[in-house]
Structures are given as C-alpha cells and as structure tokens.
Amino acid sequence: MSFPPRCDLQLPGWGLFWAEMVATGEGSEALAQLRREVARRARDSHRLEELPDHPTVAAVRKLFRQAGCDPTRWRPSSEALARRVLKGEEPPAISPLVDINNCLSLELLVPACVMAAGTVQGPLTFRAGRAGETMLSLRGPVSLEGKPLLADDLGPFSTPITDSQRVKVTADTREAWLVVYLSQGVVSGDCVRQALELLLSEAPVARVLATALVP
Numbered sequence: 004m005s006f007p008p009r010c011d012l013q014l015p016g017w018g019l020f021w022a023e024m025v026a027t028g029e030g031s032e033a034l035a036q037l038r039r040e041v042a043r044r045a046r047d048s049h050r051l052e053e054l055p056d057h058p059t060v061a062a063v064r065k066l067f068r069q070a071g072c073d074p075t076r077w078r079p080s081s082e083a084l085a086r087r088v089l090k091g092e093e094p095p096a097i098s099p100l101v102d103i104n105n106c107l108s109l110e111l112l113v114p115a116c117v118m119a120a121g122t123v124q125g126p127l128t129f130r131a132g133r134a135g136e137t138m139l140s141l142r143g144p145v146s147l148e149g150k151p152l153l154a155d156d157l158g159p160f161s162t163p164i165t166d167s168q169r170v171k172v173t174a175d176t177r178e179a180w181l182v183v184y185l186s187q188g189v190v191s192g193d194c195v196r197q198a199l200e201l202l203l204s205e206a207p208v209a210r211v212l213a214t215a216l217v218p
C-alpha cells in the first residue's frame with residue numbers, strides 16, 4: 004500500500020494525522036534523555052486530578068463516548084500514559100520508533116500508534132467497532148464493540164486505546180507509519196507535524212519521509 008493510505012472516515016469529529024518514517028539507527032542516547040525530558044515537561048504542565056478537564060483530553064473523551072466507548076473504562080492510550088507519568092513512572096524504553104510515538108503522544112496528549120510499514124492491506128476505514136468484533140491486541144484479545152478503530156481488508160488493526168499484534172513494531176523494524184488520532188479543531192495537523200519534527204531534532208532516531216492529514 005502506498006502512502007498516504009486511502010481512509011474512509013466514518014466517525015465525525017475525528018482527524019487522522021499520518022507520517023511515513025524510516026529508522027536511522029542513531030540517537031539512542033539522546034532518546035533516553037528525551038524520554039526523561041518529555042516526562043518532566045508533562046509533570047511540570049499537568050496535574051493528575053486535573054487531567055480529565057484538560058481541553059485535549061476532554062475532547063478525545065467526548066469522541067470516545069460518541070462512538071459508544073466509556074473512556075473511564077477504556078482510557079485513550081495518551082491519557083493512560085500521562086496518568087502513569089504523573090504518578091511518577093518514566094515512559095518505558097521499548098524501541099526507537101515506539102518511544103518517539105509515545106513521546107509525541109505524551110507531549111500533545113493525543114492517542115498515537117506506530118505500525119510496521121507493509122502490514123496493512125487495502126483501503127482503510129475509521130469506524131466504531133461492531134458487536135462481537137474482537138482483535139488480538141498488544142494486551143491480548145480485546146472486544147471492539149463501540150470502540151473507535153482503524154480497519155483494513157483483513158479487519159481491525161488499531162484503536163486509540165491499543166494496537167494489534169499484526170502491525171506491531173519491533174526493534175528490527177526500519178520503515179513505519181505513525182497515525183495520530185485527533186479531535187478536529189483542538190490539535191491541528193501542523194501542530195503534530197511541528198512537534199514530531201522537534202522531537203526528532205532532539206533524538207534523531209528516525210526521518211520523516213512524508214506526512215498527510217485526513218480529512
């Protein structure tokens with residue numbers, strides 16, 4: 004599939020920012036410092052008890068509810084990460100591409116997913132999960148009913164909560180696609196692009212080849 008992917012956006016109020024990236028094999032020490040710095044900035048900017056009222060967090064929660072998902076039971080990945088960091092945990096060191104994805108998510112408080120390039124097939128659809136629909140996620144099997152999700156010809160592969168094993172990025176992954184789940188009118192595509200470029204200037208673990216915004 005060529006970049007950017009064609010995507011039928013069926014859930015109103017959402018926008019999808021896409022980035023095509025290639026790992027450089029460099030910047031591992033800078034990345035460790037960046038994880039700590041992004042966590043420090045989050046703790047300086049946010050308070051755990053006030054997080055649900057942050058405009059970006061509240062907007063994403065609202066979109067979850069509109070799709071049929073309770074965001075207090077199934078937290079957006081960005082909010083879950085922010086809560087852990089605000090409780091004193093450090094962002095985990097997983098792999099360069101995943102770590103940059105997590106830093107971006109924490110910096111902007113928006114759910115983001117990074118997937119190995121070539122793992123999705125055919126046109127994409129962004130919709131709510133259907134009754135009985137499931138996915139083998141990074142956390143194990145998960146029910147998708149009412150949850151916002153991305154699906155391709157093979158079925159659902161990503162949500163703003165967790166992603167599927169099928170598109171998982173490993174330490175050996177060189178080419179990847181990143182998708183950021185946005186609430187329209189709250190965080191712009193330009194804001195995401197600039198934040199991603201700034202993070203990669205601090206820790207050059209990847210190069211951005213192209214970006215796109217849907218819609």
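In our numbering, the protein residues as written are 4 to 218. Using N, Cα and C, we set each Cβ at its ideal position, and we do this for glycine too.
Asked, Found
"Own chain, CB closer than 7 Å to Thr27, minus 5 neighbours either side, in chain order", "Pro207, Val208, Ala209, Arg210"
"In DSSP terms, what Gly18 is bridged to", "Leu185"
"Whether Leu12 touches Pro151 by CB criterion (7 Å)", "no"
"Buried/exposed call for Arg9, threshold 16 Cβ in 10 Å", "exposed"
"Outcome for Asp166 when other beta-carbon atoms lying within 10 angstroms are tallied against a minimum of 16", "buried"
"Contact check, Gly71 vs Ala131, beta carbons under 7 Å", "yes"
"Cβ neighbours of His57 in the same chain (closer than 8 Å, five flanking residues each side left out)", "His49, Leu112"
"Residue span of the alpha helix (DSSP H) that contains Val63, given as start and end", "58-70"
"Same chain, Cβ closer than 7 Å to Asn105, five either side skipped, listed in chain order", "Leu84, Pro94"
"Buried/exposed call for Thr162, threshold 16 Cβ in 10 Å", "buried"
"Extent of the continuous beta strand (DSSP E) to which Arg130 belongs", "127-131"
"DSSP state of Arg210 mapped onto helix, strand, coil", "strand"
"Cβ neighbours of Asp156 in the same chain (closer than 8 Å, five flanking residues each side left out)", "Gln124, Gly125, Pro126"
"C-beta atoms of Val182 and Cys116 nearer than 7 Å", "yes"
"Rounded separation between Ser81 and Arg44 - CA only", "15 Å"
"Closer than 6 Å: Pro99 CB and nearest the ligand SAH heavy atom", "Looking at this structure, you won't find the ligand SAH or any other ligand, since it has none at all."
"Nonlocal neighbours in the same chain, by C-beta distance under 7 Å from Trp77, ignoring five residues either side", "Lys150, Ile164"
"C-alpha distance - Thr75 paired with Gly158, whole-angstrom precision", "26 Å"
"Rounded Cβ spacing between Leu54 and Val60 (contact assumed at less than 8 Å)", "6 Å"
"N- and C-terminal bounds of the beta strand (DSSP E) containing Pro218", "Counting along the chain, Pro218 falls outside any beta strand (DSSP E), and DSSP gives it neither H nor E."
"Candidates Glu136, Thr214, Leu202, Ser140: closest to Leu100 by CA position", "Leu202"
"Separation of Phe160 from Ala154, as counted between CA atoms", "6 Å"
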